[in-house]
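With our numbering applied, the sequence shown covers 57 to 802. All C-beta atoms, glycine included, are put in the ideal place defined by N, C-alpha and C. Remember, predicted model here, so these are calculated numbers, not experimental data. Data first, discussion second: the structure below is written as structure tokens.
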Amino acid sequence: MATFLYRLGRGSYRLRWLVLAVWVLIVGGVGAAAATLQQETNPEFVLPGTESQEAFDLLEDRFPEMNADGGSAQIVFESENGEPLTAESNAAVIDDLTAVMEASPQLAGVTSPLATDPDGNPIGMLSAEDETIGVMQVAYTEPGMELSESTVHYLEDAIADAEGQGVRIVVTGDMLQGIPETSATELIGIGVALIVLVVTFGALLAAGLPIVTAVLGVALTTAGILAATSFMNVSESTGTLASMIGLAVGIDYALFILSRYRNELAADGRVEDRSARAEAMGRAVGTAGSAVFFAGLTVIIALLGLSVVNIPFLTEMAVAAAITVLIAVLIAVTLLPAFAGFAGKRIFTARQRRRIASGAHDSKPNGGKRWAGFITRHPILVAAVGVVGLGALAYPAMDLELGLPDGGAMSEESSQRQAYDLISEGFGPGFNGQLMIVGDLADGVDATVAAENITAELGDIDGIAVVGAAFPNEAGDTVMATVIPETAPADEATNELVHAIRGVLADDTDANWAVTGATALNIDISDNLNDALLPYMLIVVGLAALILLLVFRSILVPVLATLGFMLSVFAALGALVAVFQWGWGAELFNVDQPGPIMSMMPILMIGLVFGLAMDYQIFLVTRVREAYVHGADPKRAIVEGYGHSSRVVVAAALIMISVFAAFIFSAESLIASMGFGLAAAVVFDAFVVRMAVIPAVMALVGRGAWWIPKWLDRILPNVDVEGEKLQRRLAQDANEDERELVGASK
């Protein structure tokens, strides 16, 4: 592996114009395909194999008039003058807005809170006690994510015109998901990355190369996703994870190879010599590139493993992100060397070149060597502090409650949160998460009788506030009923209620009953994620441990890497529970309403952080093993390895932390919790586990860290990540060249 990559890196440096031309053709081809083949993305959300999805499909088929997949909005009114909404002045505002909304584009129907049936009985949502809160139900013909911008703006303009007349008006609903929200998070991440890289390299040109290559990789994947919309369904969220991960690993991989290149060149001292620069790049790609290859492979496995969850949009995101990582690896070992060739000696500043020429570039131990020296002198203390500290942080994770957040978890300034609170105040929290009960009747069952029976059965279940009247479809083969829980959608009691309803209805022989609605769908998502967590961990950790076994040819190092990762993830989950579930430091981290942790967080943290953690493990420990196989004793190998690579890993971790931390102060609790959890996990894993606990344990066990059974060592292929074979080959070539020169001189 190292020899092949050495040739690839050296060749890419020397044939830089050819490499650049190939990549220009690739980018141009994919860009042209995106421009000509791009179609609309598919915003449809499905969860195959779940009861809620089956019930939703049945509703679409048997109750087409309900337009079950259409978007919706709830316009909530609150009287500001204390008079009921039925008062003349307040009613006029509602009636005028109702008339305006009836002319909305893509409208399926509008139900005013003041609406009545032909007999004069109220059918609208109006608070019973004082009639000061009401809800207008607006249904659309298209799903919320597919509504046109003109439809969204029509609603916004209608509400703006109706405000300021004594009635407070706020809006919520799934159609608001179609309103695009711009974010400068990626730009902030790139800006922070550039600052860290400038500090790391001390040269603006060198700092810019990882940014350019990472952005190019993300752009290439984005164009590929756009082109793919022509021949397959692609959700709108597919590129989200790809952009975040692609930018992260693209910068990391380029940073690691470029840092190794500069070290090789500085050690050689011949910065002005073109052939020396090509040789240094070959060595850098042969050694650091091997680590990049296996680190990328680990991340790809972690991402593709998300397919076991069986949530289509999550699988699409993972596949796109995995492709981005693959592209980042290819760019790092081919295009980056070509760019370095164009930069030439300017990869160092003039001042740095003078220091290299004078031999002052490595005149004293760096911070990495000093830190590693401290660890090797006090391994028990460092390991104990690290493990005990992370264990204490992980303790709150024992109280972890998972769920999907509802409108109550959003910022108090948001319209959705205000509407959620008003509905809860006027009608009860359960009205924010209505459940739909759908029954496919058995042959010969009378629909009217089945409707009466299901209403009675539901009325006997604790936790239900209101059971709506059940009614059959026109064909008389399906019955539907609406249920209002007593508790909020994200409340654990609502979760228990859904399972209780399903348990009761499973014994009914009149029909095949199913529970659906947004709340039930969220519960099914959570259940799917929980069920998939253990298989996912076994698959990802098992395959990654096998890769680490190949890379390090050691039993202990892969075990330490995996156990350390689990410790950092549990510590991050503990911190997440403490802040976002218990409410510790809620004001500091912009947590309006502490509550259950998003169900996707554990599996996303395991997937994303495991990939990044193994990156850091490979980057750091390959240099340690390299020093060890070249003759250094175990403790000296740790000092040498960390002296060379810790600065790069610290820079990479700081970039990741900054990117994730930028999300913490998002107005949406969901985004904020993701940013906090991922940032915390990287802090714990990079700085505590990889930079302290792992080297401390390795120092304690000494040569035992590199022990492997002889029979296993014989059957494992030697991938030569540390470049031992490459070093022997280069030394042999150098000796042959020297003999030829001696022979020629004679």
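- In the three-state scheme derived from DSSP, where H, G and I count as helix and E and B as strand, Arg224 is classed as strand.
- Distance between Thr285 and Ile379, taken at the CA atoms: about 16 Å.
- For Arg703, same chain residues with a beta-carbon under 8 Å away, outside a window of 5 residues either side, are Thr256, Ser315, Asn422, Gly423 and Gly424 in chain order.
- Using a Cβ distance threshold of 8 Å, Arg72 and Gly397 count as a contacting pair.
- By alpha-carbon distance to Ile281, the top candidate from Ala512, Val86 and Val680 is Val86.
- A residue is called buried once 16 or more other Cβ atoms fall within 10 Å of its Cβ, and Leu391 is buried on that count.
- Between the region 129-142 and the region 476-488 there are three or more C-beta pairs closer than 8 Å, enough to call the two in contact.
- Per DSSP, Asn568 lies in no alpha helix (DSSP H) segment; the continuous beta strand (DSSP E) that holds it begins and ends at Ala567 to Thr572.
- Close CB contacts of Val254 within its chain, under the 8 Å cut and outside five residues either way in sequence, are with Leu260 and Ala263 (chain order).
- The closest CA to that of Ala90, considering only Glu121, Phe287 and Val268, is found on Phe287.
- Contact check for Val365 against Leu594 fails: the beta carbons are separated by 8 Å or more.
- Using a Cβ-Cβ distance cut-off of 8 Å, the region 155-170 and the region 181-201 are in contact, since at least three pairs of beta carbons, one from each stretch, lie closer than that value.
- Straight across, the Cα-Cα distance linking Ile403 with Arg318 is about 8 Å.
- For Gly442, no beta strand (DSSP E) segment is defined; the enclosing uninterrupted segment is the alpha helix (DSSP H) at Pro435 to Ala450.
- Val274 is classed as buried because its beta carbon has at least 16 other beta carbons within 10 Å across all chains shown.
- Judged by their CB atoms, Val348 and Pro393 are not nearer to each other than the 8 Å cut-off.
- Within its own chain, the residues whose Cβ lies closer than 6 Å to the Cβ of Leu93, once the five positions on either side in sequence are excluded, are Ala283 and Ser286, listed in chain order.
- Leaving aside the five residues that flank Tyr698 on each side, the residues in its chain whose CB is nearer than 6 Å to its CB run, in chain order, Gly424 and Ala428.
- If only complete runs of 4 or more residues are kept, the region 502-558 shows the alpha helix (DSSP H) at 503-515, in order along the chain.
- By the Cβ criterion, the region 637-652 is not in contact with the region 748-764, since fewer than three pairs of Cβ atoms, one from each stretch, lie closer than 8 Å.
- Across the set Asn529, Asp741, Leu604 and Pro104, the C-alpha of Asp741 shows the shortest separation from the C-alpha of Ala628.
- Setting aside the 5 residues that flank it on each side, Ser68 is surrounded in the same chain by Val75, Thr390, Pro393 and Ala394, each with a C-beta closer than 7 Å to its C-beta; the list follows chain order.
- Exposure of Phe721 is indicated by the presence of fewer than 16 other C-beta atoms within 10 angstroms of its C-beta.
- Each residue's CA atom was taken as its position, placing Val613 and Trp763 some 9 Å apart.
- DSSP places Ile179 outside both helix and strand once states are collapsed to three, so it counts as coil.
- Asp496 sits in a strand when the DSSP states are folded into three classes.
- Taking C-alpha positions only, Ile540 is separated from Glu468 by approximately 24 Å.
- Beta-bridge annotation (DSSP): Val194 is paired with Ala129 and Val166.
- In this chain, the alpha helix (DSSP H) harbouring His700 covers Pro690 to Ala717.
- A direct Cα-Cα distance of roughly 16 Å separates Phe112 from Asp533.
- In terms of Cα proximity to Ile579, the closest of Ala155, Asp477, Val677 and Ser655 is Ser655.
- Closest option to Met454, judged by alpha-carbon separation, among Leu632, Leu250, Val685 and Val695: Leu632.
- For Ser610, no alpha helix (DSSP H) segment is defined, and its DSSP state is neither H nor E.
- Between the region 435-445 and the region 150-161, the count of C-beta pairs closer than 8 Å stays below three; the two stretches do not touch.
- Listed in chain order, the beta strand (DSSP E) elements of length 3 or more contained wholly in the region 593-651 amount to none.
- Between the C-alpha atoms of Ala546 and Met300 there is a straight-line separation of about 28 Å.
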